[in-house]
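Remarks on the structure that follows.
There are 2 protein chains.
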Amino acid sequence: MPRTATQTRSTMPLTDHRDFDAALRFTAESVERAMYRLLPVSKEPEARLFEAMRYSSLGGGKRLRAFFALAGSTLFGVSGLAAARVAAAIEFVHAYSLIHDDLPAMDDDDLRRGRPSCHKQFDEATAILAGDGLQALAFEILAQPDTHGDPAVRAQLVLGLAQAIGAHGMVGGQMLDIEGEGQALSIGEITRLQRLKTGALISFSCQAGAILGKASEQARHALAAYAHAVGLAFQIVDDLLDVEGTQAELGKTPGKDVARGKATFVTLLGLDHARDQASLLADQACEALDSFGPRADLLRQAARFVVARRA
Amino acid sequence: MPRTATQTRSTMPLTDHRDFDAALRFTAESVERAMYRLLPVSKEPEARLFEAMRYSSLGGGKRLRAFFALAGSTLFGVSGLAAARVAAAIEFVHAYSLIHDDLPAMDDDDLRRGRPSCHKQFDEATAILAGDGLQALAFEILAQPDTHGDPAVRAQLVLGLAQAIGAHGMVGGQMLDIEGEGQALSIGEITRLQRLKTGALISFSCQAGAILGKASEQARHALAAYAHAVGLAFQIVDDLLDVEGTQAELGKTPGKDVARGKATFVTLLGLDHARDQASLLADQACEALDSFGPRADLLRQAARFVVARRA
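Top to bottom, those sequences are chains A and B.
1 is the number of the first residue of the first sequence in the working numbering; add one for each residue after it.
1001 is the number of the first residue of the second sequence in the working numbering; add one for each residue after it.
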């Protein structure tokens, strides 16, 4: 039975592995398998839509959000299957956001994960619809009984994801990002922008395991604090990489923020201060996990990874 | 308390009114009030996003899908508040689909409900994000405890909507619609296309009350059969209006299907046969409701309205 196999394989390394890179790779493969199952090839006349959805969501990416969801789930004894389904839903949403973000009317990026972006590989209409379909797919997965036997948990997952990615979350942040081009944003404004644009979904990813495991409010708050710090660190490093990274490393076009006159943490803080700030946030993220003891070491390593990454 | 007021007002006319037009208007006002509450003006920096979401979802439309949800709810003693929230979620989704459908890369329509379409009034990026935000808002509303005290009902609503509007439903139908331009589709192909593109959401609208009221499988099947016939009749009449209607009546550009070389029920069946077919489907829709007796008269009138409408 493939489900049982996934369950066993996806939980093991998160508690046994010492090597974070291996754990990250392992998680990525585990969630990718779940995504393949949840988004199979279509033989219907609208197969092109499914091709585009698969093209942009499968076969690539660090799967960091999935990692947060899976690593968080191990803290609360959540089944690997349930965690992998939620992680897959999160990655489908992330893929949708990248597809729409890359559209000519938005960031107009031809390259994503080292390949043509969705609207270049297919066309704009297909890309818009693929993103729309991936969003719906994520909610469908969360609402299905396979995700959790308790419908209250499923409803809470749906609510959490919807709030994280809606107009008060990710979509609102993307609106701010577009409007902010050429504007002199303050550090407070850009922090809020990023908290919405990338922080909200990362925060949901970190808390998903606590929802699945019906954890205490205290545990959720600890994970929310971790997520807040990690999310901000993640964005600062994104801004650093946009300046320092190469196209080969990033798999996308570097230097775009500067070219578009976007205020970033780097333009506001400078390279050195931004790097220090990211490290400080990683420290804060780790401290937020104190109550979990060594069980949360993988999440601590993830916080370090976020700051040290080169892509 | 405004909620109790809505509850009383929105259920009364559906059981008391004889005048269908008045009931439809009343329902539209009732769901519109719910939508105003659920999507308030924003004072945040991303206010423009909320403006666009409100612009495209509030203050217009027949609210036929909302009517189906509210009229269906009265069959099962569902509270007016719950029904209005679900109806609002459905109308937010419908608005999102129109925004994305009107985009230059899709149907490229400058006019919607007699006003500039969202990307003309704002811009393409804002329109894409407004649609994305409206989809998330719909799921957020369904998952909130206010919609129903039983989380199993909420999860079922989310699942039903997600399936209706995802790649196996509305979005898949839109993909077929775009790919179908200039293609010689058969009557079977176009029926399937429309079942996905418009039928699936109409079907969910008709069944929403049964989900809220925890109705029997038999009752849900009856409503699904009604919805299937009404949805197809609705689309045939849409095709008729695209040929026969005026811009003033429709509030959108007529004649677009023909100009784009789209196969429609009218191009395949001819005007007279298409009109007959729509009437026949309305008859079938009414028959599907036999087990409900006169309690379902408003839904029967709705089937007649769908065929007789001029916009």
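Even glycine gets a Cβ: it sits at the ideal position worked out from N, Cα and C.
Here the structure is a predicted model, which means the values were calculated and not measured.
(1) How close, in whole Å, do the beta carbons of LEU1134(B) and PHE1092(B) come, if the pair is a contact with beta carbons under 8 Å?
(2) Could you check if GLN218(A) is buried or exposed, using at least 16 other CB atoms within 10 Å of its CB as the buried criterion?
(3) Just reading off the alpha helix (DSSP H) that MET106(A) is part of, what are its end residues?
(4) Can you list, in chain order, the residues of its chain whose CB lies under 7 Å from that of ILE211(A), leaving out five sequence neighbours each side?
(5) Determine the chain B residues that contact GLN144(A) at a beta-carbon separation under 8 Å, and present them in chain order.
(6) Could you check what DSSP says for PRO294(A) in three-state terms: helix, strand or coil?
(7) Exposed or buried, which one is HIS100(A) when buried takes at least 16 other CB atoms within 10 Å?
(8) Would you please verify whether the beta carbon of GLY166(A) is less than 8 Å from any beta carbon of chain B?
(9) So, do the stretch 195-211 of chain A and the stretch 173-184 of chain A have three or more beta carbon pairs nearer to each other than 8 Å?
(10) Indicate whether ASP107(A) and CYS118(A) have their beta-carbon atoms separated by less than 8 Å.
(11) Output the residue ranges of the alpha helix (DSSP H) runs that lie fully inside the stretch 1196-1242 of chain B and measure 4 residues or longer, sorted by chain position.
(12) Run down chain B in chain order and give the residues with a C-beta less than 7 Å from the C-beta of GLY133(A).
(13) Consult DSSP for PRO116(A) and reduce its assignment to one of helix, strand or coil.
(14) For LYS262(A), count neighbouring Cβ atoms within 10 angstroms of its own Cβ and tell me buried if that reaches 16, exposed if not.
(15) Here's the rule: buried if 16 or more other CB atoms are within 10 angstroms of the residue's CB, otherwise exposed. What is GLU29(A)?
(16) In chain order, what residues of the same chain have a beta carbon less than 7 Å from the beta carbon of ARG85(A), not counting five sequence neighbours either side?
(17) If we require 4 or more residues per run, which alpha helix (DSSP H) segments fall completely within the stretch 8-67 of chain A?
(18) Three Cβ pairs or more, each shorter than 8 Å: is that satisfied between the stretch 1263-1276 of chain B and the stretch 1036-1045 of chain B?
(19) Are SER203(A) and ALA164(A) touching if we call contact CB-CB under 8 Å?
(20) If we ignore side chains and look at the alpha-carbon of each, how far apart do ALA1227(B) and ARG1304(B) end up?
(21) Rounded to the nearest angstrom, what separates ASP971(B) and LEU129(A) at their Cα positions?
(22) In whole angstroms, what is the alpha-carbon distance linking ASP1242(B) and PRO1151(B)?
(23) With 8 Å set as the bound, which would you pick, yes or no: does the beta-carbon of THR1011(B) sit closer than that to a beta-carbon of chain A?
(24) Leaving out five residues before and five after ARG1275(B) in sequence, what residues of the same chain have Cβ atoms less than 7 Å from its Cβ?
(25) Measure the alpha-carbon distance for GLY1245(B) versus ARG1310(B) and round it to whole angstroms.
(26) Nearest chain B C-beta to GLU124(A) closer than 8 Å, yes or no?
(27) Below 9 Å on C-beta distance, what does ARG1154(B) contact in chain A?
(28) Go ahead and label ARG1192(B) buried or exposed: buried means 16 or more other beta carbons lie within 10 angstroms of its beta carbon, across all protein chains shown.
(29) Could you spell out the range, first to last residue, of the alpha helix (DSSP H) harbouring ASP1276(B)?
(30) Under a three-way DSSP split, which group does ALA1084(B) fall into?
(31) Ordered along the chain, which non-local residues of its own chain (more than five positions away) have a Cβ less than 6 Å from that of ALA87(A)?
(32) Does HIS1273(B) get closer than 8 Å to chain A when you measure Cβ to Cβ?
(33) Just to confirm, is the Cβ distance from LEU271(A) to GLN277(A) under 8 Å?
(34) Pick out whichever of ALA308(A), VAL306(A) and ALA302(A) has its Cα sitting closest to the Cα of ALA23(A).
Let me lay it out:
(1) 5 Å
(2) exposed
(3) Where MET106(A) is concerned, there is no enclosing alpha helix (DSSP H), given that its DSSP letter is neither H nor E.
(4) VAL153, GLN156, LEU157 and GLY160
(5) LEU1159
(6) helix
(7) buried
(8) yes
(9) yes
(10) no
(11) 1200-1212
(12) GLY1166, ALA1167 and VAL1171
(13) strand
(14) buried
(15) exposed
(16) ALA34, ILE141, ASP146 and THR147
(17) 20-38 and 47-57
(18) no
(19) yes
(20) 13 Å
(21) Absent from the model: residue 971(B). The displayed extent of chain B is 1001 to 1311, so no value can be given.
(22) 42 Å
(23) Because the pLDDT of THR1011(B) is 42, which lies under 50, any placement of that residue in the model is unreliable, and the number read from its coordinates should be weighed accordingly. Closer than 8 Å: no.
(24) LEU1240
(25) 7 Å
(26) yes
(27) ALA143, PRO151, ALA152, ARG154, ALA155, VAL158 and LEU159
(28) buried
(29) 1271-1288
(30) helix
(31) VAL31, ALA66, ALA69 and LEU70
(32) no
(33) no
(34) ALA302(A)
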